[in-house]
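The block underneath contains the structure these notes are about, expressed in structure tokens.
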Amino acid sequence: MADVWNWQLGRTMTYPFEESRPRRQAGAVFDTNKCIGCQTCTMACKTCWTSGVGQEYVFWNNVETKPWGSYPMAWDVRVLEQLGPQHWADGVYRGKTIFEAAPPSKTQVGWAPDPIDYAYPNRGEDETNRTITKADFHLTLPYDIWFFYLPRVCNHCTYPACLQSCPRTSIYKRPEDGIVLVDQQRCRGYQVCVEACPYKKTFFNQATGISEKCVFCFPAVEQGILPRCMRTCIGKIRTFGYVSTPEQAREDNPVDFLVHVRKVGLPLYPQLGLEPNVYYIPPVHVADEAFLTMLFGPGAAAAQQTYRAAMEGGDDELLAVLLLNVSTDRIITRFALQAGVAIGWDDNGDEVARVPLREPVIVRPAHDAALSAYRYNVP
Ligand code: SF4
Ligand code: SF4
């Protein structure tokens, strides 16, 4: 075991391999406040990558409703139970990661799902955290009664549990962009990775007998194009690009801006210790701070406040980054706000998106004398 730096934990932790970061790391930020649970991303991925025989239960992208939804069944509860107490103090995680909690015979704690655990990917959909009674009909922000959608893909972790577990060394992390892939020629289907990944984002193909996982649509990414689940997102909740370590963060990089500058993009279950590279803006309507801290770490309450302030008109730069989401199918690696317009550039320095922060409002006279007609002004 090596000592490696995990900036999300604010400390070093043990991992079976030395720290070896890619030249740059592909990553994303999902705004849970805008996800409408339409599952377009799920279907876009399904029809592109996992529509074959043996992949019937496989969703590289899924969207679950928190607090009750989970795919496979209880994936997070079952791994969190194995960690023991999960305390944070002054931004530093004081509990054990899945690597540090491992028994002597293993390099991580984990569990292997049964096929039935994958059978109900929509269980718990749209269910609130508790039953609504008449007394709860009038709600004020943040709500005591809530649910929210949590879209999930592989996190292309900095310290992947799947990779370190594989006895065939079939799983590798690309040095050019940090995308984690399973070598389909080397894999023999031992399924150790399925047990090891706490997010349950490696899958066993029953027909081929080989394990598979989300590939972050690397053929598109290599061309500077967004992955399919991001490109098709109806709610435009997804910022895709490259995430730096805190000390190398660039203010004009959209992902860095959300994660490191405004700190609204937070990792999912950072206490697991994988340094996941998909981040989430926590839902602002949820009052249960303990639950959000469990999911997104100690920055959840501050992220809610920052986001709410931006939506109330207090932070045009943050608004600009979020408005650029899915405004083009190109990957935006640099952005700026100029004269009320959010502008995005790709890796080549070409301008690929231009979105006004505020649309002009035109109120027409109710009576059009030229046409002798009355109109409604519909906002
Ligand atoms: S989320 Fe799971 S499958 Fe993806 S890189 Fe991390 S450990 Fe591997
Ligand atoms: S397509 Fe976008 S809005 Fe729809 S469920 Fe997926 S992440 Fe949410």
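Every number in the numbering used here is 78 more than the matching position in the sequence shown, counting from 1.
Note that beta-carbon positions come from the ideal geometry of N, C-alpha and C, so glycine has one too.
Treat the numbers as computed from the prediction; the structure is a model and nothing was measured.
Under a three-way DSSP split, which group does residue i fall into?
i, result
"T280", "strand"
"E429", "strand"
"Q103", "strand"
"F369", "helix"
"L396", "helix"
"Y357", "strand"
"W153", "helix"
"V337", "helix"
"E290", "strand"
"P438", "coil"
"I303", "strand"
"R208", "coil"
"Y198", "coil"
"D214", "helix"
"F374", "helix"
"R408", "strand"
"L344", "strand"
"A285", "coil"
"A122", "helix"
List the endpoints of the continuous alpha helix (DSSP H) containing residue i.
i, result
"Q242", "A239 to S243"
"A381", "A378 to A387"
"E273", "V270 to A274"
"V299", "F296 to V299"
"A420", "Element bounds for A420: not the alpha helix (DSSP H) but the beta strand (DSSP E), V419 to W423."
"T110", "Note, T110: premise wrong, no alpha helix (DSSP H); not H, not E."
At a cut-off of 8 Å, would you count residue i as near ligand 1, judging by its Cβ distance to the nearest heavy atom?
i, result
"L352", "yes"
"L241", "yes"
"I288", "no"
"V321", "no"
"N233", "yes"
"P276", "yes"
"V136", "no"
"K184", "no"
"V258", "yes"
"C307", "no"
Kindly examine ligand 2 and report whether one of its heavy atoms sits closer than 8 Å to the Cβ of residue i.
i, result
"F318", "no"
"G115", "yes"
"T125", "no"
"I315", "yes"
"F108", "yes"
"F118", "The residue asked about is misnamed: residue 118 is Thr in this sequence, not Phe. At least one heavy atom of ligand 2 is nearer than 8 Å to the Cβ of T118, so yes."
"Y357", "no"
"I249", "no"
"K112", "yes"
"V270", "no"
"C265", "no"
Compare the C-alpha of residue i against each of the options and name the closest.
i, options, result
"W138", "D425, V342, M389 and V293", "V293"
"G132", "R208, G115 and N283", "N283"
"R102", "V321, G313, T218 and W127", "V321"
"V362", "V337, M389, Q186 and P376", "M389"
"D407", "R266, G302, G313 and E178", "G302"
"R230", "D204, D109 and V170", "D109"
"A378", "V337, L396, L401 and E437", "V337"
"A417", "I409, V433, Y221 and P348", "V433"
"C275", "I114, R246 and F177", "F177"
"R172", "R453, R89 and I409", "R89"
"R156", "K278, V441, L370 and H234", "K278"
"R316", "P305, P324 and E325", "P305"
"G287", "E300, V270 and L346", "V270"
"W127", "T92, F281 and Y93", "F281"
"A239", "T185, M121, R328 and A152", "T185"
"V82", "T125, S148 and T236", "T236"
"D366", "C265, I223 and A381", "I223"
"G147", "A197, P182, G162 and K124", "A197"
"C265", "P245, E254, L228 and D255", "P245"
"L401", "N200, P182, F318 and G256", "F318"
List the endpoints of the continuous beta strand (DSSP E) containing residue i.
i, result
"F413", "R412 to Q416"
"W189", "W189 -> no beta strand (DSSP E), and no H or E assigned at all."
"P229", "F226 to R230"
"R89", "R89 to Y93"
"T317", "R316 to V321"
"D330", "Per DSSP, D330 belongs to no beta strand (DSSP E) and is neither H nor E."
"W83", "A80 to N84"
"K184", "Note, K184: premise wrong, no beta strand (DSSP E); not H, not E."
"K251", "I249 to K251"
"K144", "N140 to K144"
"L259", "V258 to V260"
Could you tell me how far apart the beta carbons of residue i and residue j are, in whole angstroms, since I believe they sit closer than 8 Å?
i, j, result
"C295", "V258", "Not a contact, Cβ separation roughly 13 Å."
"T411", "D428", "Contact flag wrong, Cβ pair sits at about 11 Å."
"G105", "N403", "At roughly 14 Å, the Cβ-Cβ gap does not stay under 8 Å, so G105 and N403 are not in contact."
"A179", "Q160", "6 Å"
Closer than 8 Å to a non-hydrogen atom of ligand 3 - does that hold for the CB of residue i?
i, result
"K279", "Although ligand 3 was asked about, the structure shown includes only ligand 1 and ligand 2 as ligands."
Please report whether the beta-carbon of residue i lies at a distance below 9 Å from any beta-carbon of chain B.
i, result
"Y347", "Reference to chain B is not applicable here, since this structure consists of a single protein chain."
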